[in-house]
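Visitor: Can you read through this structure? Questions will come right after.
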Amino acid sequence: MNIGDRLKKLRNDKNLTQKELASILYVSDKAVSSWEANRTEPSLELLVKLSEVFCCSTNYLIYGETNRVAIETEIKIKLSEEEFKNLELLMKKSANFLAENHHIDTYYQPIARKFINDGEIKEWLRIGERGNKNIINYKNWYDDYCDEYEVEFDDVNNLIKIFNRIGLEKIAIVDKVRSTYFYLDKYEVALDRVKNLGYFVEIEVKKYDDTAEKEYDELLRLAKRLNLNLDNQNKKGYPYYFLDNEKRN
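Using the working numbering, you'd call the opening residue of the sequence shown number 387 and step up by one each time.
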C-alpha cells in the first residue's frame, strides 16, 4: 500500500468525498484524485494538513507505519509577550501559515495509579475538542520525545461518563488559541496563547532526516537561532502548570 492507497482508505473511513476533502485542504478535487491514483503526491505542507484531518502521523501517510501511533520530537518554550510577538512576526514573514484554532483540552489521570514519576507528569489521557471534531490522546513522555496514541470519537459526554466509572479524575483544562506554521520545509511551529498561563511556542519535527535524538539536538540549535531562551523550556506539559499552581496555593 502506498500514499495514494492510504489516503483513499482514510478518506473513505471518514466518509468524505474527494470534493469534500479538496475543499478542506483548499485544493482541487482533481489534485486529490491524482494523489489517490498515485500519479502525483501531496507536498509536505499538505501532508501535515492531511495528518491533522485524518488524526494520523505524517510517517503513516508517507511510510505506512502503524496509524495513529507516532514518536514526537518537539520542544515547548514559555515566552514573554514581547518574545511571542517577535516570533509571530518572523513566522508571518518566513513560514507558511497552516491554521488558527481554538483548542480546549481536558486532561485525566487514574485515581488509583497516577501517571506521575519523581514529581513530573510522564503520562496522561487528554480529550481534545477541535471545533466539530473530538480526539482522545494518550502520551508517554521520555526526556526528548514521546510515544503517542490518538483516535477520533463522536460522543464526549459518554466518554466522560466512562472515565468517571473507571476511576479517571480530571486534573486540568487547557484553553488555548493556537496559530500553526510550517517552517523551513521541516518544522511545525505552533504559537499558543493559553488562558491563565501565558504565551508558548511548540516546535515539532515533521520531516525526519536522522534519529529522534539527533533531530532533537538540531531542534535545540534551531531554538537558539530563533533567540529562544532554553532555560524556559517546558518539558512537563501544560497540565503541570495547573497542578504546580494548585500546590503553591
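A virtual CB, placed ideally from N, CA and C, is assigned to each residue, including glycine.
Go through its chain and collect everything with a Cβ distance to GLU422's Cβ below 6 Å, but skip five positions before and after it.
Guide: The sequence position of residue 422 within the sequence shown is 36, counting from 1. Same-chain partners within the cutoff: GLY390, LEU393, LYS394.
Visitor: Note down, in chain order, each residue of its chain lying with its Cβ closer than 7 Å to the Cβ of GLU469, except the 5 sequence neighbours on either side.
Guide: Counting from one through the sequence shown, the residue named residue 469 turns up at place 83. Excluding sequence neighbours, GLU469 sits near nothing in its chain.
Visitor: Under the rule that 16 or more other beta-carbon atoms within 10 Å means buried, what is SER480, buried or exposed?
Guide: The residue given as residue 480 occupies position 94 in the sequence shown. Burial call: exposed.
Visitor: Can you pull the DSSP bridge partners for ARG607?
Guide: The residue you call residue 607 lines up with position 221 of the sequence shown. Bridge partners of ARG607: none, in fact.
Visitor: Among the residues of its own chain, which have a CB less than 6 Å from the CB of THR459, if the five just before and after it don't count?
Guide: Against the sequence shown, residue 459 aligns to sequence position 73. TYR531, VAL591, ALA598, GLU601, TYR602.
Visitor: Give me, in chain order, the residues of the same chain whose beta-carbon lies closer than 8 Å to that of SER419; leave out the 5 immediate sequence neighbours on both sides.
Guide: Within the sequence shown, residue 419 is the residue found at index 33, counting from 1. The residues are GLN404.
Visitor: On a CA-only basis, which of ASP533, ASN526, VAL542 is nearest LYS519? Give me that one, please.
Guide: Looking up residue 519 in the sequence shown gives position 133. With distances taken between Cα atoms, LYS519 lies closest to VAL542.
Visitor: Measure from the alpha carbon of GLU555 to the alpha carbon of each residue in GLY623, ASN424, ARG512, then state which is nearest.
Guide: Counted from its first residue, the sequence shown places residue 555 at position 169. Comparing Cα-Cα distances from GLU555 to each of GLY623, ASN424, ARG512, the minimum goes to ARG512.
Visitor: Measuring CB atoms only, is the segment 558 to 566 touching the segment 485 to 499, in the sense that at least three cross pairs come out at less than 8 Å?
Guide: The segment 558 to 566, when compared against the segment 485 to 499, does touch it at the 8 Å Cβ threshold.
Visitor: Thinking C-alpha only, which one of LYS581, ARG551, ASN445 is nearest PHE628?
Guide: The sequence position of residue 628 within the sequence shown is 242, counting from 1. Nearest C-alpha to PHE628: LYS581.
Visitor: Is the beta carbon of LEU484 less than 9 Å from the beta carbon of GLU538?
Guide: As a first step, residue 484 is located in the sequence shown; it is residue number 98 there, counting from the start. As a first step, residue 538 is located in the sequence shown; it is residue number 152 there, counting from the start. Cβ distance not < 9 Å, so LEU484 and GLU538 don't count as in contact.
Visitor: Cα separation between LEU612 and LYS593?
Guide: Walking along the sequence shown from the start, residue 612 turns up at place 226. Walking along the sequence shown from the start, residue 593 turns up at place 207. Rounded to whole angstroms, LEU612 to LYS593 spans 19 Å at the Cα level.
Visitor: Among the residues of its own chain, which have a CB less than 7 Å from the CB of ASN503, if the five just before and after it don't count?
Guide: By 1-based counting over the sequence shown, the position of residue 503 is 117. Because ASN503 carries a pLDDT of 47, less than 50, the predicted location of this residue cannot be relied on, and the following value inherits that uncertainty. For ASN503, where only same-chain residues beyond five positions count, there are no Cβ hits under 7 Å.
Visitor: Answer yes or no: do ILE410 and GLN495 have a C-beta to C-beta separation smaller than 9 Å?
Guide: As a first step, residue 410 must be located in the sequence shown, where it is residue number 24. As a first step, residue 495 must be located in the sequence shown, where it is residue number 109. No.
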